[in-house]
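For the first sequence, position 214 (counting from the first letter as 1) is numbered 230 according to this note's numbering, and the numbering increases by one without interruption.
Take a look at the structure set out below.
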Amino acid sequence: MVSQAVIDHVTRRGVADIIIRSEFEEMLRRGKPLRLKMGFDPSRPDIHLGHVVGLRKLRQLQELGHQVILIVGDWTAQIGDPSGRSVTRPMLTHEEVVANAESYMRQFFKVVDRERTQVEWQSQWFGEFTLADVIRLTSRFTVSQFLARDDFSKRFQEHQPIAITELLYPLLQAYDSVAIESDVEFGGTDQMFNLLVGRELQGMMGQPNQQCFLMPILVGTDGVQKMSKSLGNYVAVEEPPNDMYGKLMSLPDSLIVSYFEYLTDTPDAELTEMAEAMQTETANPMDFKKRLAGELTAVFHDPAAARDAQAHFERVVQRRSLPEEMPEFAWDAAGNEAMTLSRLLVSAGLASSNAEAKRLINQGAVQLFRESGQGGPLTGEGATADLMPGDVLRVGRRRFIRLIPSGNGGADF
RNA sequence: GGAGGGGUGGGUGAGCGGUUAAAGCCACCAGACUGUAAAUCUGGCCUCCGGAAGGAGUUCGCAGGUUCGAAUCCUGCCCCCUCCA
């Protein structure tokens, strides 16, 4: 028998809504293993923290003995993005789909238990779908039903295009639920419509209706929009430790508690304390953020990496010292008289073009650090003449290179 | 089948013969401030040459044309959208 406390934790924290909540809770109480459906689009194989909110729920339910069915949407991936922006994305080859699926799963199983996961490819059932099947499927729904969906109705009213295939997308996704006989489907709140179509279709086809488990949308590091790769405000699961830690430190204070809530097991009571402490300014939000960044880095890497990332952050960002490790660039002043500073920056990858490099130089963004303690801003193109191996160049806040002997540059070698 | 609207720099979106490398906004980069928070201020934001002043080259769906001069006009082509049927 599952305790009410556990049920509450699973169904309340980090959950936007469950349709129908009472039924779902009853299923948990009964304890019979449930089939938890989670689909993914193999044209987007990257998992970021926004996705992790849901993956953690899957994990929690696995701990209670339930089974995850991961659906590789190799078929729906071909009909484009239902959000409409890029309908003409190129179809993926089978090889690409396979590669993306592998990459996705590598990330997926950082959170979800592989042992209690069954992977199904959509093509298993859609591969042999005939036109007759498609027509039978489409005949069950009406246009106005689909126009009820927020996204569609808005675009329809604004005379924005809606491709027919986009209408097909929810149907195919719904059929997935029938094919695997899911008990619960997981998705973000923006997926609600699709999940509900699945629920309905199951009923029409004589199956019990799946429950819809809706995850909240995680706000991205910009503090405004939902976390998404295309908006560049995301923290990827495979982010290197320093970047993961750093990105989390750049979160607006207002998101700290919700990140703890959605992405960690920090007890609710502590969350409340944290919120109060920040409210009353008895604690520095930065300390909570460090804890958050450290915990998450430890989860996706390991505790040692998290410690190192914190040390790196404190050193490079807070104290503005040099990082312990940085890319190296072979350099010798001798024989390189024609190498201006801007060219050097471009060759070393610190600037994307000569013009860009010059702008940076003019803006005082280029700093020299030297062992002896000398150094300072480099303001002229001719500065390269004085550079020597061992020198470190910094551009902006976080781009560094260390000069090393070029090995074959000196004539007196 | 018919009518109309449109394709401009990462995104929006002005421009509608010269003063336009192309307004404004967003995003982004750098500097100041700082807790790589928020807010704010400043500068920048096609490429190449130049220390700079400045110069050159490529850009406004594609290809031609008119013109001293075209993102802006003309012709053809490609693509997108809306409405009516």
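Idealized CB from N, CA, C, for every residue including glycine.
- Annotation: residue 162 to residue 357 spans about 59 Å, alpha carbon to alpha carbon.
- According to DSSP, residue pairing for residue 114 in a beta bridge does not occur.
- With respect to the C-alpha of residue 227, the residue from 36, 31, 422 having the closest C-alpha is 36.
- C-alpha of residue 258 to C-alpha of residue 69: approximately 22 Å in a straight line.
- Looking only at 115, 159, 316, 281, the smallest Cα-Cα distance to residue 256 is reached by 316.
- Relative to the Cα of residue 343, the nearest Cα in the group 355, 361, 334 belongs to 361.
- A check of alpha carbon separations from residue 223 across 48, 214, 209 identifies 214 as the nearest.
- Across the structure, residue 110 and residue 46 are spaced so that their CA atoms are roughly 41 Å apart.
- Around the beta carbon of residue 380, a 10 Å sphere encloses fewer than 16 other beta carbons of the protein chains shown; the residue is thus reported as exposed.
- For residue 141, the enclosing alpha helix (DSSP H) has its first and last residue at 139-142.
- Excluding five sequence positions before and after residue 282, the CB atoms of its chain that fall closer than 7 Å to its own CB belong to 276, given in chain order.
- In this structure the segment 113-123 does not touch the segment 146-158; the number of beta carbon pairs closer than 8 Å is below three.
- Assignment of residue 145 by DSSP, reduced to helix, strand and coil, places it in the coil class.
- Rounded to the nearest angstrom, the gap between the Cα atoms of residue 331 and residue 339 is 7 Å.
- Under a 10 Å Cβ-count criterion, residue 319 is classified as exposed, with fewer than 16 other Cβ atoms of the shown protein chains found around its own Cβ.
- Residue 141 places its beta carbon 8 Å or farther from that of residue 190.
- In this structure, the CA atom of residue 186 is about 10 Å from the CA atom of residue 208.
- For residue 202, no alpha helix (DSSP H) segment is defined; the enclosing uninterrupted segment is the beta strand (DSSP E) at 200-204.
- At the C-beta level, residue 124 and residue 71 come within 8 Å of one another.
- When the beta-carbon positions are compared, residue 264 and residue 234 stay at least 8 Å from each other.
- DSSP lists 252 as the bridge partner or partners of residue 64.
- Every beta strand (DSSP E) of 3 residues or more that sits fully in the segment 347-395 is shown, in chain order, as 382-385, 391-393.
- In the structure shown, residue 109 adopts coil according to DSSP, grouped into three states.
- Around the beta carbon of residue 326, 16 or more other beta carbons sit within 10 angstroms, so the residue counts as buried.
- Taking 8 Å as the upper bound for CB-CB distance, residue 200 and residue 305 are not in contact here, some 34 Å apart.
- For residue 265, the enclosing alpha helix (DSSP H) stretches over residues 257-265.
- In this structure, the CA atom of residue 399 is about 10 Å from the CA atom of residue 355.
- Of 260, 291, 254, the smallest CA-CA separation from residue 271 is found for 291.
- Under DSSP, residue 56 forms a beta bridge with 88.
- Excluding sequence positions up to five before and after residue 420, its CB lies within less than 6 Å of the CB of 344, 346, 405, all in the same chain and listed in chain order.
- In this chain, the beta strand (DSSP E) harbouring residue 231 covers 227-231.
- Each residue's CA atom was taken as its position, placing residue 334 and residue 262 some 11 Å apart.
- Taking the C-beta atoms as reference points, residue 279 is found no nearer than 8 Å to residue 33.
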